[in-house]
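Residue numbers are given in our numbering: position 156 of the sequence shown equals residue 587, and the series is strictly consecutive. Cβ coordinates follow ideal geometry from the N, Cα and C atoms, glycine included.
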Amino acid sequence: MMKYFVLTATILFSSINLNAQKTDKELVKILKKSGKFKEILDSDKYEVQILYTQIDRDAQNKPSFRTLSYNFDPNRYFYPASTVKFPSVLLALEKLNSLKIKGLDKNTPLNIQKAFDGHEGVLGDSTSENGKASIAHYAKKILLVSDNDAYNRLYEFIGQQEFNDKLFSKGYRSTRILHRLSVPYSIEQNKITPAINFGLSAKKRNIPPYADRVDRMEVFMPEFIFRQPLVINKTKNYVPQTPIKKGIGYMKDDRLINEPFDFTSKNFFPLNEQQEVLKAVLFPEAVSAQKRFNLTDEDYQFLYQYMSQLPSETTYPAYDPKEVWDSYCKFLMFGDNKNPMPKNIRIFNKVGDAYGFLLDNAYIVDFDKKIEFMVSAVIYCNSDGVFNDDKYDYDTVGFPFYANLGKVLYEYETKRKKKNLPDLSKFRVKYDR
432 MMKYFVLTAT
442 ILFSSINLNA
452 QKTDKELVKI
462 LKKSGKFKEI
472 LDSDKYEVQI
482 LYTQIDRDAQ
492 NKPSFRTLSY
502 NFDPNRYFYP
512 ASTVKFPSVL
522 LALEKLNSLK
532 IKGLDKNTPL
542 NIQKAFDGHE
552 GVLGDSTSEN
562 GKASIAHYAK
572 KILLVSDNDA
582 YNRLYEFIGQ
592 QEFNDKLFSK
602 GYRSTRILHR
612 LSVPYSIEQN
622 KITPAINFGL
632 SAKKRNIPPY
642 ADRVDRMEVF
652 MPEFIFRQPL
662 VINKTKNYVP
672 QTPIKKGIGY
682 MKDDRLINEP
692 FDFTSKNFFP
702 LNEQQEVLKA
712 VLFPEAVSAQ
722 KRFNLTDEDY
732 QFLYQYMSQL
742 PSETTYPAYD
752 PKEVWDSYCK
762 FLMFGDNKNP
772 MPKNIRIFNK
782 VGDAYGFLLD
792 NAYIVDFDKK
802 IEFMVSAVIY
812 CNSDGVFNDD
822 KYDYDTVGFP
832 FYANLGKVLY
842 EYETKRKKKN
852 LPDLSKFRVK
862 YDR
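Here's what the structure looks like:
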């Protein structure tokens, strides 16, 4: 089984390598005309990749898509950071739906058992309205503020093998999700996902004096709607055979190691597959059945709300606006400031930032001007080439780049002629809690 998988992966990556870097002159022209990207366009050190997708509607409001690329290269590695959290939300919701267990849904309270030394279990969540943990609350925190622990818990619910196999079966065949985030677990520990219990324990009831011992045991035993056992991925290895190393050094234990940093066992989520996953959620009717996720209408409304909701519009959790502002996870158009965002513009997206890589995968709409477009981009903000030194150029390079990119494409969209203006009512949602 293992040999078969490795052989398949090798063939797959070989076929991908036939694709060349792609740049469309039309997008270059748009960027150059703005005058805001000269340094980035003139240098390869930023490793910028952009996918800008125009959306046009027919008379029945059916969308069609045209994508313009800049430096898009499916083989060029970048660390996807928190963008991997988006498919974790989708697969967690899909898994709940696929289980088809009465009383089990995304709001069902859960607890997570400790799986190994150094791993922490979960009894509840103080940031939720009822103080309990659930798939819905984890998903909400991921989409609102990109919470790392929330992602780790969904990763544990899905399981490493199922996470990768499900995405592969849907046609997202270059993506690999190998680990949790911001926790120092080994490759082997990330293959382990803990036991998870769904549902509240039965309340203690009065025991009649004539009850026998079996009855007494049943009354006090916890009852769960669903119990998922501890799972260890022992069958498949998703780490690529070809080493992936970047930079000139990295910090370890406050010491500089003068050699490239090894990303071989890190996650990967190429830009085209990021945008395809986003499209599958926003426009499921426009992608093949294979690429869709098994979601309910209520799931879609849940996703549309929290993908576009702002922290200031949220009660649970309650976020301090000094620490978590409106554009905290909205890099495109607004990432260079902390001012309130206009209500007529909504961004349905997932961002990421780590190891100097800054990403945004977004669908932007202006309800007043009837504008809609998609942008997926990555920029490398690490001028010294050293990782883990906390000296990344996010503020000076990355956030200004995204703000300018979003504004330039938005302005271009205001002037782009459309035969039919879109009906965007599908994406108008009520924002609460």
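query: Under a Cβ-count criterion, where at least 16 other Cβ atoms within 10 Å of its own Cβ denotes burial, should Lys753 be classed as buried or exposed?
result: When all chains shown are included, Lys753 counts as exposed.
- request: With a cut-off of 8 Å on the beta carbons, I'd call Val782 and Phe762 a contact; round off their distance for me.
  value: Contact between Val782 and Phe762 holds: CB atoms are separated by about 5 Å, below the 8 Å threshold.
query: For Ile810, which three-state DSSP category applies?
result: Correct three-state label for Ile810: strand.
field: Continuous beta strand (DSSP E) assignments of at least 3 residues falling wholly in the region 791-852
entry: You should have 802-811.
field: Limits of the alpha helix (DSSP H) - the one that Ser465 falls within
entry: Its alpha helix (DSSP H) spans residues 456-465.
field: Phe733, DSSP secondary structure in three states
entry: In the structure shown, Phe733 falls within a helical segment according to DSSP collapsed to helix, strand and coil.
- request: Answer with buried or exposed for Pro771, where buried requires no fewer than 16 other C-beta atoms within 10 angstroms of its C-beta.
  value: Answer is exposed; the Cβ neighbour count stays below 16.
message: Here's the rule: buried if 16 or more other CB atoms are within 10 angstroms of the residue's CB, otherwise exposed. What is Val645?
response: Any reading at Val645 needs caution, since the residue's pLDDT is 40, under 50, leaving its predicted position unreliable; the model's value is listed next. Exposed.
query: Using 8 Å as the threshold, is the region 842-856 in touch with the region 470-490, meaning 3 or more CB pairs across them?
result: Short answer: they touch.
message: Quick check: the Cα distance between Val860 and Val708, rounded to an integer number of angstroms?
response: Cα to Cα, the separation comes out at about 21 Å.
- prompt: Which class does Asn689 belong to by DSSP, given the choice of helix, strand or coil?
  reply: It is coil, neither helix nor strand.
message: In this structure, how does DSSP classify Ile776 when only helix, strand and coil are distinguished?
response: Assigned with DSSP and collapsed to three states, Ile776 falls in strand.
- prompt: Is the distance from the Cβ of Phe594 to the Cβ of Tyr582 below 8 Å?
  reply: It is not a contact, given that the beta carbons lie outside the stated cut-off.
message: By the DSSP assignment, the beta strand (DSSP E) with Asp487 in it spans what residues?
response: For Asp487, the enclosing beta strand (DSSP E) has its first and last residue at 480-488.
message: According to DSSP, simplified to helix, strand and coil, what is Lys753?
response: DSSP places Lys753 in coil when its eight states are reduced to three.
query: What's the gap between the Cα of Lys838 and the Cα of Leu472?
result: When rounded, the distance between both Cα atoms is 17 Å.
field: Test item: CB-CB of Tyr508 and Ile481 under 8 Å
entry: Contact flag unset, no.
message: Using 8 Å as the threshold, is the C-beta distance between Thr814 and Asn792 below it?
response: Here residue 814 is Ser; the residue named in the question, Thr, does not match the sequence. No, the pair does not count as a contact, with Cβ atoms beyond the cut-off.
- prompt: Of all the options Val459, Val479, Lys469, which has the alpha carbon lying nearest to the alpha carbon of Pro701?
  reply: Closest by alpha carbon: Val479.
- request: Mind reading off the beta-carbon distance from Leu527 to Lys537? Whole number of angstroms is fine, and I expect it under 8 Å.
  value: With 8 Å as the limit, Leu527 and Lys537 qualify as a contact, their Cβ atoms being about 6 Å apart.
message: Please tell me whether Val712 and Leu741 are closer than 8 Å, where the distance is taken between their beta carbons.
response: Taking a C-beta distance under 8 Å as the contact criterion, Val712 and Leu741 do not qualify as a contact pair.
Span of the alpha helix (DSSP H), counted from its first residue to its last, around Asn579: Counting along the chain, Asn579 sits inside the alpha helix (DSSP H) bounded by residues 579-589.
message: Taking 8 Å as the threshold (C-beta atoms), are Lys697 and Pro609 in contact?
response: Reading off the sequence shown, one finds Leu at residue 609, where the question assumed Pro. Closer than 8 Å, so yes.
Proximity test, Lys622 beta-carbon vs the ligand GDP heavy atom, cut-off 7 Å: In the structure shown, the ligand GDP is absent, as is every other ligand, since no ligand is present at all.
task: Give me whichever residues DSSP pairs with Thr624 in a beta bridge.
output: Paired residues: Val662.
message: Using only the alpha-carbon positions, how far apart do Pro671 and Val662 sit?
response: Rounded to the nearest angstrom, the two C-alpha atoms are 22 Å apart.
message: Given a cut-off of 8 Å on the beta-carbon distance, is the pair Thr624 and Phe699 in contact?
response: No, they are not a contact pair.
- prompt: Do Gln592 and Ile627 have their C-beta atoms closer together than 8 Å?
  reply: Against a cut-off of 8 Å, the Cβ pair of Ile627 and Gln592 comes out as no contact.
query: Gly829: which of Val817, Asp820, Ile810 sits nearest, CA to CA?
result: That would be Ile810, whose Cα lies nearest to the Cα of Gly829.
- prompt: If Phe503 and Lys453 are in contact, beta carbons under 8 Å, what's the gap, nearest whole angstrom?
  reply: 5 Å between Cβ atoms; contact.
message: On the criterion of 16 or more Cβ atoms from any shown chain inside 10 Å, does Ala490 qualify as buried, or is it exposed?
response: With fewer than 16 Cβ atoms within 10 Å of its Cβ, Ala490 is classed as exposed.
query: In the DSSP assignment, what are the bridge partners of Asn420?
result: Past the boundaries of the shown model lies residue 420; the chain is included only from 432 to 864, so the question cannot be answered.
message: I'd like the list of long-range same chain contacts for Asn621, defined as Cβ closer than 7 Å, with 5 residues on each side in sequence excluded.
response: Gln591, Leu609, His610, Arg611, listed in sequence order.
Reduced DSSP category for Phe681 - H, G, I as helix; E, B as strand; rest coil: Note on residue identity: the sequence assigns Tyr, not Phe, to residue 681. In the three-state scheme derived from DSSP, where H, G and I count as helix and E and B as strand, Tyr681 is classed as strand.
Tyr616 - containing alpha helix (DSSP H), residue span: Judged by DSSP secondary structure, Tyr616 falls outside any alpha helix (DSSP H); it is assigned neither H nor E.
- request: In the DSSP assignment, find the beta strand (DSSP E) that holds Ser519 and state where it starts and stops.
  value: Run containing Ser519: none in the beta strand (DSSP E); it sits in the alpha helix (DSSP H), 516-530.
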